[in-house]
Amino acid sequence: MKKRSSASKQIKKYSLIVGLLVFIASFLFGCISLKNLEKGKKTAATYTAQSTVRRINAQLNQYVELSEFLGNVVLAGYNLDQTSFSELAEMLPNENCIVKAFELAPNGVVTDVFPQQENEKAFGINMLTDHNRKEDANRAKETGNYTLGGPYKLKQGGTGALLFHPVYKSDSIDNDSFWGFVIMVIDWDKFIDEIGLDRLNEASYCYEIWTTDDTTGSRVILTQSQEHIPKNSLTVECKIPNDTWYVDIVPDEGWISIYQWIAVIAVSCITSLMSATIFNQVHSKKYREDQYAVELKKSAEQAREASEAKTRFLFNMSHDIRTPMNAIIGFSDLLGKNLDNEEKVREYLGKIKSSGNILMRIIDQVLEVARIESRTAILKTEAANLSELFYSVNTVLESDIQMKGIHCSIDTNVQHKYAFCDKTKLQEIYLNIMSNAIKYTPDGHAIHVTINETNFDDKKARYVFVCEDTGIGMASEYLPHIFDEFSREHTATENKVSGTGLGLSIVKSFVELMNGKIHVESEPGKGTRFTVEISLELASEEDICKKELPDQTFMTDKNIGKRILLAEDNELNAEIAMELLKEEGFLIDWVKDGQECFDKLEEADEGYYDLILMDIQMPILNGYDTTEKIRQMENPKKAATPIIAMTANALEEDIAMTQKVGMNGFIAKPLDAEKMFTILKQSIVEN
-4 MKKRSSASKQ
6 IKKYSLIVGL
16 LVFIASFLFG
26 CISLKNLEKG
36 KKTAATYTAQ
46 STVRRINAQL
56 NQYVELSEFL
66 GNVVLAGYNL
76 DQTSFSELAE
86 MLPNENCIVK
96 AFELAPNGVV
106 TDVFPQQENE
116 KAFGINMLTD
126 HNRKEDANRA
136 KETGNYTLGG
146 PYKLKQGGTG
156 ALLFHPVYKS
166 DSIDNDSFWG
176 FVIMVIDWDK
186 FIDEIGLDRL
196 NEASYCYEIW
206 TTDDTTGSRV
216 ILTQSQEHIP
226 KNSLTVECKI
236 PNDTWYVDIV
246 PDEGWISIYQ
256 WIAVIAVSCI
266 TSLMSATIFN
276 QVHSKKYRED
286 QYAVELKKSA
296 EQAREASEAK
306 TRFLFNMSHD
316 IRTPMNAIIG
326 FSDLLGKNLD
336 NEEKVREYLG
346 KIKSSGNILM
356 RIIDQVLEVA
366 RIESRTAILK
376 TEAANLSELF
386 YSVNTVLESD
396 IQMKGIHCSI
406 DTNVQHKYAF
416 CDKTKLQEIY
426 LNIMSNAIKY
436 TPDGHAIHVT
446 INETNFDDKK
456 ARYVFVCEDT
466 GIGMASEYLP
476 HIFDEFSREH
486 TATENKVSGT
496 GLGLSIVKSF
506 VELMNGKIHV
516 ESEPGKGTRF
526 TVEISLELAS
536 EEDICKKELP
546 DQTFMTDKNI
556 GKRILLAEDN
566 ELNAEIAMEL
576 LKEEGFLIDW
586 VKDGQECFDK
596 LEEADEGYYD
606 LILMDIQMPI
616 LNGYDTTEKI
626 RQMENPKKAA
636 TPIIAMTANA
646 LEEDIAMTQK
656 VGMNGFIAKP
666 LDAEKMFTIL
676 KQSIVEN
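Take -4 as the starting number for the sequence shown in this note's numbering and just add one per residue.
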């Protein structure tokens, strides 16, 4: 999972990088596109501005031609008085009355004006000295070129521009002398209308026409569409008589609008997101496909290993189950042939029972592994006397130790012998390790066991169990697999030591369930050393006494007349149970399924049956359903009849299920007569 999470994070990281790179590329492409768009707009704007400049020049050229005509009349020597000048000026074309007045200014002083009406205030103005006009007039005089000045506030009212035409006359020796000016007064507002600046507004352009002050160099605005125009305007020069105007032009929203920038950013984000998503999906899919291929290969390998493990398991189980089964069948045949020989009968019966116990131990180990793998193994903690616990296991193993002539020494250094533990699992750990030591230690060798208590306080103590033998040992390459299920080293098989290879796997699982540690050291030919460390909560002698029930003695004659209803579908199992129960004085009624059991109890008188022995796996109605049905009977005494489960379903969850449905006890098959009678008699007495 960590590897998959890391790979997923890596793909997301690269997706973000791809998304960022695509965003940058898209944004740059958008910027280039907008620049090209701006360039195109500026080209169009340049053409528009130049069209405006051409209209300005065309209009001014008309005025220059009129001024040129009047100047030529003066140079021709005509004596123009006010009357003759007015007659001449009246004949000049003046469309839309853009020219507000024609003026003659000998030596710079206005003497003649047409039309006189509304222009009387212009008479007598000295253009060369008037503070508003002198700069333009003197420039025209000095350069001898047409000069457009203004716009000015006119003496006669309104705003106008003055076109100065300096007139120079030549004398007899070709010396030019300044005569004065021919002046055309241009109505500024009509001039602006005539050159068509409103077309720029219609085309959504802002504009500004300006020039520079020759004295200060500052910007002088001649006309503009609005007070503030957008920045980055396009500027086109407009050459006018003896001066330069500048036309600034820019679209109302600028060359590139804010909405276009937003569109570029939005498109870049969307493209980036799509690219990152596609990259993520493609690479995630590829990664999943690669992972699937790896997992498929791994699954195939696991299936192969599982198949091999299953084959090994079946081989080992076949061997290990057949060995005691062969003894049971073989000694059963011998028993049938020697029924008259009491000594042989006892010997064969003992060996049959011993082989049966071995077979049960193999089955129990397989069930224990199944319980561990299904994670249903739990600790049943109770107060226990550790000295008695280890002593009881040593008693079981004593005959095997003596039979092989093994020297076994046990050193105990325990200060607290009472502790809370799962007594059965702790015995299983000790028994498995000791059994292995005995199995793999040759005759005449030694086993040394130490049990020490370390790191104790008022509540807990740490117990260290060490089992060291001088047996055949194990190779170093096998040690990592010693706790694997069905694992047995070849030397063990070659030495013809029986076993399923499950014992140490169970031991390790139990130790870990108790939050303990287990360690093994071994060397071929020198022996093996197991070390187990487990911390247990301390108990007291009073805790032991609390859990012990007072001993009760049951006499066989007390069972006489006690009637048991046996629900068992297997005839052989029923026969064995009935024979054992009859020997103890019980009366037995036998039924073959759960429904028949219920019917039998319902038909019987109240209190007729003292107890029911209930099998679980039965046809028509199983043991669980039958029990639930009985507990729901209308007759309260019949509903409360003690029910003891008698079944081969011996897992923890099976026992828990019997309690859940309302059974009073549990007896596992194959039947242990002593345990069975203890449970039965106790249930009858309690009832």
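Just so it is clear, CB atoms sit at the ideal spot from N, CA and C, and this is done for glycine as well. Given the structure is predicted, the values throughout are model-derived calculations rather than measurements.
Spanning the alpha carbons of Val289 and Glu296 requires a straight line of approximately 10 Å.
One thing to note: Phe186 has its Cβ no nearer than 8 Å to the Cβ of Gln45. Ile428 carries a helical assignment under DSSP once its states are collapsed to helix, strand and coil. Inclusion of Ala572 and Leu561 in the CB contact set at 8 Å is warranted, their separation being smaller than that value.
Under the three-state reduction of DSSP output, Ala135 falls in the helix class. Between Glu528 and Gly511 a beta carbon distance of about 6 Å is seen, short of the 8 Å cut, so the two are scored as contacting.
DSSP places Leu567 inside the alpha helix (DSSP H), whose first and last residues are 566 to 578.
In this structure, Val180 sits away from Gly66, with a CB-CB distance that is not shorter than 8 Å. Take Leu15, set aside five residues on each side of it, and the residues of its chain with a beta-carbon closer than 8 Å to its own are Ser267, in chain order.
Spatial neighbours of Arg626 in its own chain (CB-CB distance under 6 Å, excluding positions within 5 residues in sequence) are listed in chain order as Ala634, Gly657. Counting the other Cβ atoms within 10 Å of the Cβ of Lys503 gives 16 or more, which makes it buried. Residue range 606 to 609 is occupied by the beta strand (DSSP E) that includes Leu608. Leaving aside the five residues that flank Pro637 on each side, the residues in its chain whose CB is nearer than 6 Å to its CB run, in chain order, Leu606, Asn659, Ser678, Asn682.
The three-state secondary structure of Gln57, taken from DSSP, is helix. Comparing C-alpha distances from Gln397 to each of Gly103, Cys540, Met320, Ala441 shows the shortest one belongs to Ala441. DSSP places Ser3 within a helical segment (H, G or I) once states are collapsed to three. DSSP links Thr449 through a beta bridge to Arg457.
Between the beta-carbon of Ala198 and that of Pro161 there is about 39 Å, and that puts the pair past the 8 Å contact cut. The segment 206 to 215 and the segment 109 to 123 do not touch, with fewer than 3 CB-CB distances between them shorter than 8 Å.
Taking the C-beta atoms as reference points, Asp131 is found no nearer than 8 Å to Gly155. In the structure shown, Glu518 falls within a strand segment according to DSSP collapsed to helix, strand and coil.
Counting other Cβ atoms within 10 Å of its Cβ, Pro665 stays below 16 and is therefore classed as exposed. Taking the CA atoms as reference points, Leu157 sits about 55 Å from Ala261. In the DSSP assignment, Asn196 falls within the unbroken alpha helix (DSSP H) covering 193 to 197. For Tyr619, the uninterrupted alpha helix (DSSP H) segment begins and ends at 618 to 626. Less than 8 Å divides the Cβ of Tyr425 from the Cβ of Val388.
Residue pairing by DSSP places Asn408 opposite Asn447 in a beta bridge. Annotation for Phe505: the continuous alpha helix (DSSP H) segment containing it runs 498 to 508. The residue among Tyr202, Val515, Pro146 with its C-alpha nearest the C-alpha of Asp184 is Pro146.
Judged by beta-carbon spacing, Val231 lies within the 8 Å limit of Thr41, meaning their Cβ atoms are closer than that value. Glu189: member of the alpha helix (DSSP H) spanning 183 to 189, first to last residue. Taking every protein chain shown into account, the CB of Leu195 has 16 or more other CB atoms within 10 angstroms, so this residue is buried.
In the three-state reduction of the DSSP assignment, Glu472 falls in the coil class. Taken through DSSP and simplified to helix, strand or coil, Gly155 comes out as strand. When DSSP states are grouped into helix, strand and coil, Thr211 belongs to the coil group. Counting only the Cα atoms, Leu381 lies some 13 Å from Asp538.
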